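S.K.: One structure follows; several queries about it will come next.
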Ligand code: PMP
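In UniProt numbering, the protein residues as written are 54 to 479.
Spelled out as structure tokens, the structure:
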């Protein structure tokens, strides 16, 4: 059993020694001390079904034994920077990662986070094109450093940073990209960056046809197309390994983080040899980007995804779960929309289906109730009224709610049933 510091002590230290911008979910926050596959455990040993996976960060499952073994073995041997010496771990992982990407996307740069990956991608696009403007999609999240902040457009993102150009998503808005290029730039741009499904933005899918049209306009203006796969990558969407693949496009640069390391701090940029050349005559290095421990862990993640057929599982369980959530939508007026793909699903709560007025207070109550029932989901979206369901990819149909309410009292960890019950109690 856990004998370490408890909620009150941690809260006291946080308020005194940690950033005031830190926040937590739930009226009474959770002190999570252990994790095992799709479960998390609090300080009292209470088990929770994790349907958020640390914002899609954990893909194979918490503390997956194969990933742990790889990390431990490498840590015992060596943990170091790979800037000035050779080590096989970074090369092995780069080779395995490149094999998962289409076309000529085969040169990998490792970073420590999604923000760093996107910063590097934007810098490479600017160096390659000689242009500066970056077009991004409204409601996107790409990171919290200077460049990526400029490409992030969220309602709660009010930093005094120069914002670049934004366009709305949606098929009929694909022409916005063209208009922004024409009216908001010199006519030449460095890049377009977009998630395939917006994560923080509230599991917003891009309309079919939007990405191909946007890519065409950007390329005509000399820009590169960057796919931010930080959340939608690594088999999460089920139908494909990468989110962009569902749109029939091949980006010039792909960025990734979160799921790549199953919780380890690692990110990557993958591009073509031609674009990668922009860094040959310049010194770019990243002390811990691609360090042996994180890359050994990353390679183990790829192997687990394949061995346990987790992409297929994301498709099967995700489709089943989406169907069950759609059934809930028929039953509860408060559910305005159910969307997403695979195990990247969103449930939007509204107080009025026609005006789509966000059910902001209600979502907090439902979320708290679900936690009490032992189920953790995330939330996001422009108004913070969308449940984000992004569990570890080992999530089962049983976890989703296959056994219905008869078993509910025994296990209290079925996602759909707990949401149903929590909404009924509103
Ligand atoms: N891109 C996307 C799509 C993200 O969701 C995030 C993180 N939420 C980032 C980039 C930034 O990643 P990190 O927090 O690892 O810097």
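By construction, the Cβ of each residue, glycine as well, lies at the ideal position given by its N, Cα and C atoms. On a predicted model such as this, the values are computed, not experimentally measured, just so you know.
To the nearest angstrom, how far is the alpha carbon of residue 310 from that of residue 358?
M.R.: Indexing the chain shown from 1 puts residue 310 at position 257. Indexing the chain shown from 1 puts residue 358 at position 305. Looking at the two C-alpha atoms, the distance is approximately 15 Å.
S.K.: How many angstroms separate the CA atom of residue 325 from the CA atom of residue 146?
M.R.: For the purposes of this step, residue 325 is taken as residue 272 along the chain shown, with counting starting at 1. For the purposes of this step, residue 146 is taken as residue 93 along the chain shown, with counting starting at 1. Answer to the nearest angstrom: the Cα atoms are 17 Å apart.
S.K.: Please determine, among 344, 392, 439 and 181, the residue with the shortest C-alpha to C-alpha distance to residue 165.
M.R.: Counting from one through the chain shown, the residue named residue 165 turns up at place 112. Cα-wise, what sits closest to residue 165 is 344.
S.K.: So, is residue 55 buried or exposed, given that buried needs 16 or more other C-beta atoms within 10 angstroms?
M.R.: Walking along the chain shown from the start, residue 55 turns up at place 2. Exposed.
S.K.: Between which two residues does the alpha helix (DSSP H) containing residue 174 stretch?
M.R.: Locating residue 174 in the chain shown gives position 121, counting from the first residue. Per DSSP, residue 174 belongs to the alpha helix (DSSP H) from 167 to 182.
S.K.: Pull up the distance between the alpha-carbon of residue 58 and that of residue 134, whole angstroms please.
M.R.: Residue mapping note: residue 58 aligns to position 5 of the chain shown, counting from 1. Residue mapping note: residue 134 aligns to position 81 of the chain shown, counting from 1. Using only the alpha carbons, I get a separation of about 33 Å.
S.K.: So within the segment 108 to 153, which uninterrupted alpha helix (DSSP H) runs reach at least 4 residues, ignoring any that extend past its ends?
M.R.: Taken in chain order, the complete alpha helix (DSSP H) segments of 4 or more residues contained in the segment 108 to 153 are 118 to 130 and 141 to 151.
S.K.: Could you have a look at residue 190 and say whether DSSP puts it in helix, strand or coil?
M.R.: Here residue 190 refers to the residue found at position 137 when the chain shown is read from its first residue. Note: residue 190 maps to strand in three-state DSSP.
S.K.: Closer than 6 Å by C-beta to residue 391: which residues in its own chain qualify, once you throw out the five before and the five after it? Chain order, please.
M.R.: As a working note, residue 391 is residue 338 in the chain shown. Here the set comprises 378, 379, 382 and 400.
S.K.: Is DSSP giving residue 69 helix, strand or coil here?
M.R.: Looking up residue 69 in the chain shown gives position 16. Of the three classes helix, strand and coil, the one that applies to residue 69 here is helix, per DSSP.
S.K.: If you draw a straight line from the alpha carbon of residue 323 to that of residue 94, how long is it in whole angstroms?
M.R.: For the purposes of this step, residue 323 is identified with residue 270 of the chain shown, where counting begins at 1. For the purposes of this step, residue 94 is identified with residue 41 of the chain shown, where counting begins at 1. Using only the alpha carbons, I get a separation of about 36 Å.
S.K.: Give the range of the beta strand (DSSP E) segment to which residue 101 is assigned.
M.R.: The residue you call residue 101 lines up with position 48 of the chain shown. Per DSSP, residue 101 belongs to the beta strand (DSSP E) from 100 to 103.
S.K.: Please classify residue 236: does DSSP put it in a helix, a strand, or coil?
M.R.: In the chain shown, counting from the first residue as 1, residue 236 sits at position 183. Residue 236: helix per DSSP, three-state reduction.
S.K.: For residue 327, which of helix, strand or coil comes out of DSSP?
M.R.: In the chain shown, counting from the first residue as 1, residue 327 sits at position 274. Of the three classes helix, strand and coil, the one that applies to residue 327 here is helix, per DSSP.
S.K.: Quick one, are the C-beta atoms of residue 398 and residue 424 less than 7 Å apart?
M.R.: For the purposes of this step, residue 398 is taken as the residue at position 345 of the chain shown. For the purposes of this step, residue 424 is taken as the residue at position 371 of the chain shown. In this structure, residue 424 does not lie closer than 7 Å to residue 398 by Cβ.
S.K.: Let me check you understand the geometry: is the CB of residue 248 closer than 6 Å to at least one non-hydrogen atom of the ligand PMP?
M.R.: Within the chain shown, the letter at position 195 stands for residue 248. Yes, since a heavy atom of the ligand PMP falls inside the 6 Å radius drawn around the Cβ of residue 248.
S.K.: Assuming residue 196 and residue 171 form a contact by the criterion Cβ under 8 Å, report the distance between their Cβ atoms to the nearest whole angstrom.
M.R.: The sequence position of residue 196 within the chain shown is 143, counting from 1. The sequence position of residue 171 within the chain shown is 118, counting from 1. 5 Å between Cβ atoms; contact.
S.K.: Which word fits residue 216, buried or exposed, when buried means at least 16 other C-beta atoms lie within 10 angstroms of its C-beta?
M.R.: By one-based count along the chain shown, residue 216 stands at place 163. Annotation note: pLDDT 44 at residue 216 (below 50); position unreliable, coordinate value reported separately. Answer is exposed; the Cβ neighbour count stays below 16.
S.K.: Out of curiosity, what's the CA-to-CA distance linking residue 220 and residue 278?
M.R.: To locate residue 220, count along the chain shown from 1; it is residue 167. To locate residue 278, count along the chain shown from 1; it is residue 225. The pLDDT assigned to residue 220 is 49, lower than 50, so where the model puts this residue is not dependable; a value taken from the coordinates is nonetheless given after this. Cα to Cα, residue 220 sits roughly 15 Å from residue 278.
S.K.: Straight-line CA distance for residue 420 to residue 104?
M.R.: As a first step, residue 420 must be located in the chain shown, where it is residue number 367. As a first step, residue 104 must be located in the chain shown, where it is residue number 51. So the alpha carbons of these two residues sit roughly 12 Å apart.
S.K.: Tell me the rounded alpha-carbon separation between residue 268 and residue 261.
M.R.: The sequence position of residue 268 within the chain shown is 215, counting from 1. The sequence position of residue 261 within the chain shown is 208, counting from 1. Taking the straight line from one Cα to the other gives about 13 Å.
S.K.: Name the DSSP bridge partner or partners of residue 322?
M.R.: What you label residue 322 is simply residue 269 of the chain shown in a count that begins at 1. The partner list for residue 322 (beta bridge, DSSP) reads 162 and 308.
S.K.: To which residues of the same chain is residue 371 closer than 6 Å at the C-beta, ignoring the five residues directly before and after it?
M.R.: Working through the chain shown from its first residue, we reach residue 371 at position 318. Result list for residue 371: 291, 395 and 396, in chain order.
S.K.: Which residue marks the beginning of the alpha helix (DSSP H) containing residue 369, and which one marks its end?
M.R.: Walking along the chain shown from the start, residue 369 turns up at place 316. Per DSSP, residue 369 belongs to the alpha helix (DSSP H) from 363 to 384.
S.K.: Going by beta-carbon coordinates alone, are residue 321 and residue 297 separated by less than 7 Å?
M.R.: Here the question's residue 321 lines up with position 268 in the chain shown. Here the question's residue 297 lines up with position 244 in the chain shown. Not closer than 7 Å, so no.
S.K.: Under DSSP, the alpha helix (DSSP H) around residue 346 begins and ends at which residues?
M.R.: The residue labelled residue 346 in the question sits at position 293 within the chain shown. Judged by DSSP secondary structure, residue 346 falls within the alpha helix (DSSP H) whose first and last residues are 345 to 360.
S.K.: By how many angstroms is the C-alpha of residue 287 removed from the C-alpha of residue 365?
M.R.: Residue numbering aside, residue 365 sits at position 312 when the chain shown is read from its first letter. Residue numbering aside, residue 287 sits at position 234 when the chain shown is read from its first letter. Cα-Cα distance, rounded: 12 Å.
S.K.: Run through the DSSP bridge pairs and tell me what residue 89 is partnered with.
M.R.: Along the chain shown, read from residue 1 onward, the residue named residue 89 stands at position 36. Answer is 92, bridged to residue 89.
S.K.: For residue 247, which residues does DSSP report across the bridge?
M.R.: For this step, residue 247 is matched to residue 194 along the chain shown. DSSP lists 280 as partners of residue 247.
S.K.: So, residue 348 versus residue 143, is the Cβ gap smaller than 7 Å?
M.R.: In the chain shown, the residue the question calls residue 348 occupies position 295. In the chain shown, the residue the question calls residue 143 occupies position 90. Contact: yes.
S.K.: Around the Cβ of residue 81, are there at least 16 other Cβ atoms within 10 angstroms (buried) or fewer (exposed)?
M.R.: In the chain shown, residue 81 corresponds to position 28, counting from 1. That one is exposed.
S.K.: Between residue 241 and residue 193, what straight-line distance do the alpha-carbon atoms span, to the nearest angstrom?
M.R.: Taking the first residue of the chain shown as 1, we reach residue 241 at position 188. Taking the first residue of the chain shown as 1, we reach residue 193 at position 140. Their Cα atoms are separated by approximately 22 Å.
S.K.: The beta strand (DSSP E) spanning residue 480 covers which residue range?
M.R.: What is shown of the chain runs 54 to 479, which leaves residue 480 out entirely.
S.K.: Cβ of residue 168 within 6 Å of any heavy atom in the ligand PMP?
M.R.: Counted from its first residue, the chain shown places residue 168 at position 115. Within the cutoff, so yes.
S.K.: For a quick check, are the C-beta atoms of residue 167 and residue 283 less than 7 Å apart?
M.R.: Along the chain shown, one-based indexing puts residue 167 at 114. Along the chain shown, one-based indexing puts residue 283 at 230. The answer is yes: Cβ separation under 7 Å.
S.K.: Going by C-alpha distance, which of 116, 108 and 70 is nearest residue 92?
M.R.: The sequence position of residue 92 within the chain shown is 39, counting from 1. Taking only the C-alpha atoms, the option nearest residue 92 is 116.
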